Amino acid sequence: MKNIISGLLVALILSITITSCRKKDDTPDELKTGSAKVEFSHVMGMMSPTPFELNKQYTHHMTGDEMTFTMFRYYVSNLQLIGTNADGEAITYSEKDSYHIVNVAEPGSLILDLADVPVGTYTELKYTMGVDAERNTTGAQDGALAPSNGMFWSWNTGYIFLKAEGTSPQATANMNNFTFHLGGFEGTNNIITAKTTNFGGATLNVTESATPTINLKANPGMLWHSAPSLSQTPKTHMPGATAVSMSSDFYGSVSFDKID
Amino acid sequence: MRLSLKIYTVFCTISIFLLILASCKKDPTLAPKTPTIRLESLVPYYFPAAHYQSNKNQLQEKRIALGRKLFYDPILSSSNTMSCGSCHKQAFAFSDAGNVTSPGEVGQPGQRNSPPIFNKAWNTSFMWDGGINNLEVVPFAPITAPHEMNQDVKLLLQELKENAQYSNEFVEAFGEAGITETNFYYSLAQFMSIMISVDSKYDHVKQGSATFSIEESKGYALFKSHCNTCHTEPMFTSYNFENTGLYLQYQDKGRGRVTSNTTDDGKFKVPSLRNIEITQPYMHDGSKQSLQEVLNHYSQGVLSHPNLSPELTGGLPINADDQKALIAFLKTLTDQTFITNPDLANPF
């Protein structure tokens, strides 16, 4: 009798061991994953927008300033997809270490790869323009949040959420340079902006094979939608009212284009 | 027969359990098991809890040693001529040996007096204007500042990676990941954390192993009446920002520059008075050369700036004898152990 009991015990433990380490082939439907992408494209102008490029002169539609950009980059973070999985259950996918610097000088950075997305149908994308407050106070971090990426204020700790730099004949007060470093995560200076899109009613279908892309459009010119001419304000280098108003206009311009 | 069967069953169960454990993948980035050091165990009972507590960056001997090496290594500056130790000298409690401001790589002057470094794990903010909010990212500022060490951190990390000894030491201290930007900051944060000054005569008196002289006692009593609100014991700072009426108009706005509030103009972080005897000159701009000059200011030189600390309105009622006693007391805050501790000295 005792032999049988101990034999059963060993068998039980063995079966627990074997089943606890799973192979991917045995993955039930609700744990199958695929990928998706979020791609940013940039345009300038209001009436008939044209593709935004660095080192190209534009005449701003509101201020009339002639602007040639040499740099345009910004943080996008905390991406989430909301939808239902293959079993019809509601799910939220949250990207791990979701911090990205979208940099028009680096075409690769315009495409964000979302990995390990549960197979399913998604109706909403949530994302944040900027870096959440907690990360602005937790010290040393790697990857997109490393201080050495040039998007971090050294003497007044905090991430520079957006950098727009270039030259303009109107920016006389700043040797014809315009340099806008926008950031701020505290109190009335907080410009962190949560965004969401429901794809205009379309859906994002994530399968194990195909990788659909959510296309978003942003308009750098919108930074000056209600801001004064560069002849008056050629730069901003700290959190404050200028950053609040400019970021509000630009972040507001980021919108859904299409899924393909 | 029954006993050996029981033993056999237990043995099988245990070995299968161990097999389960072994089959679960280990995180290769975890540092080898090293004992961690608790700051609380190194300071007197009357110290408050440290502010900097990082579960990701627990104090370990090898990390501290690495931080110490980096602190004194001129490889950190762009022309490899300046280290942290160039402006933070142990004999002066890691302040800059009597310099009003410290010259940068090619001699450029700074704007503020180099603060001493001790007990930084208790700071709630860093720099004279509190602009930096975490100990780990403090070094990033002087390392990258053009008028200081003028270095590009990405280039610096490349230089460290090309150094076989650093490569090994980082792996020993942090595991497989080795030299990363974060591990670099972690090392320096650990070394700064371990720079604790807790062994002055004042501390001995507080712990009952020494007594103040009559003059020092008198000074301590005066200190508690007139200075303790801002220079609060036992850290000798409240960590708040105060305006001490040095000027009617401050060229350097201090805290006001960080908060953009004019009510913060001319306010600077209250410095700790520990080791004050050896960290001259004084004030954010190093404008007071001696403790006597400081007390002259507090007794008769305070200007009525709108943001002046209320405690200083009209100056402090301290006559010449009082000032002598206060200085005697302030000298009891010097920590010889700290400034001669070989574990904090230049290892090169």
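In order, the protein sequence lines correspond to chains A and B.
Going by our numbering, the letters in the first sequence line up with residues 552 to 811, in that order.
Going by our numbering, the letters in the second sequence line up with residues 1450 to 1797, in that order.
All C-beta atoms, glycine included, are put in the ideal place defined by N, C-alpha and C.
None of these values were measured; they are calculated from a predicted model.
Is residue i helix, strand or coil when you go by DSSP?
i          : result
HIS1746(B) : helix
ARG624(A)  : strand
GLN608(A)  : strand
ASN725(A)  : helix
MET694(A)  : For clarity, residue 694(A) is Gly in the given sequence; the question names Met instead. In this structure, GLY694(A) counts as helix in the three-state DSSP scheme.
LYS1505(B) : coil
GLY1553(B) : coil
GLU716(A)  : strand
ALA1570(B) : helix
SER1535(B) : helix
ASP1476(B) : Confidence at ASP1476(B) is low in this model, with a pLDDT of 40, below 50, so the placement of that residue is unreliable and no value is reported for it.
SER1758(B) : coil
LEU1668(B) : Here residue 1668(B) turns out to be Gly, not Leu, going by the sequence shown. Looking at GLY1668(B) - three-state DSSP - the assignment turns out to be helix.
PRO1497(B) : coil
PRO602(A)  : strand
ILE1788(B) : helix
VAL1647(B) : coil
HIS788(A)  : coil
ASN1582(B) : coil
ALA794(A)  : helix
MET595(A)  : strand
GLU617(A)  : strand
LEU1779(B) : helix
GLY817(A)  : Here chain A comprises residues numbered 552 to 811, so residue 817(A) is not present and cannot be evaluated.
TYR1699(B) : coil
PHE1425(B) : This structure cannot speak to residue 1425(B), because chain B is shown only from 1450 to 1797.
ASN1689(B) : coil
PHE1575(B) : strand
GLU1625(B) : coil
If you draw a straight line from the C-alpha of residue i to the C-alpha of residue j, how long is it?
i          : j          : result
VAL757(A)  : ILE765(A)  : 11 Å
ILE633(A)  : PHE801(A)  : 25 Å
PRO698(A)  : GLU1597(B) : 17 Å
TYR1699(B) : SER1739(B) : 21 Å
PHE1567(B) : GLN783(A)  : 45 Å
GLN1560(B) : PRO602(A)  : 45 Å
SER1753(B) : THR1762(B) : 7 Å
LYS1773(B) : TYR1669(B) : 11 Å
SER649(A)  : ASP693(A)  : 12 Å
PRO1683(B) : VAL1492(B) : 11 Å
TYR626(A)  : LEU774(A)  : 15 Å
ASN654(A)  : GLY615(A)  : 25 Å
ASP1545(B) : ASN740(A)  : 36 Å
MET1531(B) : ASN1795(B) : 13 Å
GLU1554(B) : CYS1533(B) : 12 Å
PHE750(A)  : ALA637(A)  : 20 Å
ILE1486(B) : ASN1504(B) : 12 Å
MET622(A)  : THR1708(B) : 28 Å
LEU1793(B) : ALA1659(B) : 26 Å
GLY1657(B) : PRO1730(B) : 32 Å
Can you tell me the Cβ-Cβ gap for residue i and residue j, rounded? I've got them flagged as a contact below 8 Å.
i          : j          : result
GLU1742(B) : LYS1780(B) : In fact, because the Cβ distance is near 16 Å, the residues do not count as touching under 8 Å.
SER1551(B) : SER1563(B) : 5 Å
GLY791(A)  : THR744(A)  : With a Cβ gap of about 16 Å, GLY791(A) and THR744(A) do not count as contacting.
THR1728(B) : ALA1540(B) : Going by Cβ atoms, the distance from THR1728(B) to ALA1540(B) rounds to 11 Å, so no, they are not a contact pair.
TYR1501(B) : ALA1570(B) : 4 Å
GLN721(A)  : SER777(A)  : Their Cβ separation, rounded to whole angstroms, is 17 Å, which puts GLN721(A) and SER777(A) out of contact at 8 Å.
GLU1618(B) : ALA1777(B) : Not quite, the Cβ-Cβ distance comes to about 45 Å (not below 8 Å), so this is no contact.
CYS1679(B) : GLU1760(B) : 7 Å
LYS607(A)  : TYR678(A)  : With a Cβ gap of about 27 Å, LYS607(A) and TYR678(A) do not count as contacting.
PHE1623(B) : VAL1602(B) : Not quite, the Cβ-Cβ distance comes to about 17 Å (not below 8 Å), so this is no contact.
LEU1722(B) : PHE1685(B) : 4 Å
GLU604(A)  : SER719(A)  : Not really, about 16 Å apart at Cβ, beyond 8 Å.
LEU1782(B) : TYR1651(B) : 5 Å
LEU755(A)  : TYR673(A)  : 4 Å
The ligand FAD heavy atoms versus the CB of residue i: any closer than 8 Å?
i         : result
LEU767(A) : Although the ligand FAD was asked about, the structure shown includes no ligands whatsoever.
Exercise. Report yes or no: do the stretch 697–711 of chain A and the stretch 729–743 of chain A share at least 3 C-beta pairs separated by less than 8 Å?
Key: yes
Quiz item: Is the stretch 1708–1724 of chain B in contact with the stretch 1691–1698 of chain B, if contact means three or more CB pairs nearer than 8 Å?
Solution: yes
Self-check item: Three-pair Cβ contact test at 8 Å for the stretch 1513–1523 of chain B versus the stretch 1625–1641 of chain B
Solution: yes
Exercise. Run through the stretch 730–779 of chain A for me and flag every whole beta strand (DSSP E) of 3 or more residues, listed as ranges in chain order.
Key: 744–748, 755–757, 764–769
Quiz prompt | At least three beta-carbon pairs within less than 8 Å, the stretch 1579–1586 of chain B to the stretch 687–701 of chain A | solution = Contact annotation: the stretch 1579–1586 of chain B touches the stretch 687–701 of chain A, with at least three C-beta pairs closer than 8 Å.
Exercise. Pair every Cβ in the stretch 664–677 of chain A with every Cβ in the stretch 746–762 of chain A, then say whether three or more of these pairs are closer than 8 Å.
Key: yes
Quiz item: Where are the alpha helix (DSSP H) runs, 4 residues long or more, that stay fully inside the stretch 1587–1616 of chain B, in chain order?
Solution: 1589–1593, 1602–1610
Quiz item: Three or more C-beta pairs closer than 8 Å, one from the stretch 1694–1706 of chain B and one from the stretch 1518–1537 of chain B: is that the case here?
Solution: no
Quiz item: Mind pulling the beta strand (DSSP E) runs of 3 or more residues that sit fully within the stretch 653–710 of chain A?
Solution: 662–669, 671–680
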